[in-house]
Each structure stands twice: as C-alpha cells, then as structure tokens.
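With positions in the sequence shown counted from 1, the corresponding number in the numbering used here is that position plus 4.
Here a beta-carbon is modelled for each residue, glycine too, at the ideal position from N, C-alpha and C.
One structure is given below, encoded as structure tokens.
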Amino acid sequence: TYRVGAHSSSDDPSAYRPKAESDAWPLGDPIVRLKNHLIQRGVWSDERHTQAEAEILETVIAAQREAERHGTLHAGGKPSTRDMFEGVYGQMPPHLRRQRQQAGV
Numbered sequence: 005t006y007r008v009g010a011h012s013s014s015d016d017p018s019a020y021r022p023k024a025e026s027d028a029w030p031l032g033d034p035i036v037r038l039k040n041h042l043i044q045r046g047v048w049s050d051e052r053h054t055q056a057e058a059e060i061l062e063t064v065i066a067a068q069r070e071a072e073r074h075g076t077l078h079a080g081g082k083p084s085t086r087d088m089f090e091g092v093y094g095q096m097p098p099h100l101r102r103q104r105q106q107a108g109v
C-alpha cells in the first residue's frame, strides 16, 4: 500500500519523499475517482456528495461528544503506572514483566 499523504497534519513528507513522487501517483485520489465515476454514471451528484459529507461530519462530531462525555485524556486523574500493564494479556509476556519490574510496580 502506498500512502499518498502525510502521516499527520504535523508531518512534512518533503523531508523524506520527493514531491514528484506523490505527483506521479497513478490516476489520483481513489475517493475522488469513485465520486466522479458515480456522477458520470448518473447515480451520484455533487449535491448528494456535499450532503453526505455534512451528515458524516455531524455523525462523527456527535460520536466524539458522546465519547468525551465519558471523559478525555486530559480530564480526571492520571492512571497509575501499574494500570498500563494490567488487563491487556491473559498471560503477560516476559518483556512486559521486565518493563513492569523496571517501572517499580
């Protein structure tokens, strides 16, 4: 799989990949290609696409708000160091047992 874009909004792909490489990406963005194909076939439209994007964004924002209702990483107390080792594996692998011991828990 070829990642066309950056890892994140703070990533600068020009530091590790020439601009010509991503410009040469064959046939362009697959989402835009599918949208254009469906419009050409008469089963989709720019208006429907805009409406779908708005509905999806609304759904994502509602889900984020619901999740944040249960707390965020910045709210509440900080979990103990012990918590990060517990409840992950039925039987903790040796490398994690060593790390837990090094952490003093």
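Give the secondary structure of residue i by DSSP, where H, G and I count as helix, E and B as strand, and everything else as coil.
| i | result |
| --- | --- |
| residue 50 | helix |
| residue 103 | helix |
| residue 82 | coil |
| residue 88 | helix |
| residue 41 | helix |
| residue 12 | coil |
| residue 36 | helix |
| residue 76 | coil |
| residue 28 | coil |
| residue 69 | helix |
| residue 95 | coil |
| residue 109 | coil |
| residue 17 | helix |
To the nearest angstrom, how far is the alpha carbon of residue i from that of residue j?
| i | j | result |
| --- | --- | --- |
| residue 35 | residue 10 | 17 Å |
| residue 26 | residue 7 | 9 Å |
| residue 55 | residue 38 | 16 Å |
| residue 44 | residue 50 | 11 Å |
| residue 69 | residue 17 | 32 Å |
| residue 52 | residue 60 | 12 Å |
| residue 95 | residue 101 | 10 Å |
| residue 110 | residue 58 | Since the first residue shown for the chain is 5 and the last is 109, residue 110 is missing from the structure and cannot be characterised. |
| residue 83 | residue 22 | 42 Å |
| residue 71 | residue 97 | 31 Å |
With respect to 7 Å, is the separation between the Cβ of residue i and the closest non-hydrogen atom of the ligand GDP below this value?
| i | result |
| --- | --- |
| residue 78 | Looking for the ligand GDP in the displayed structure turns up nothing, as the structure carries no ligands at all. |
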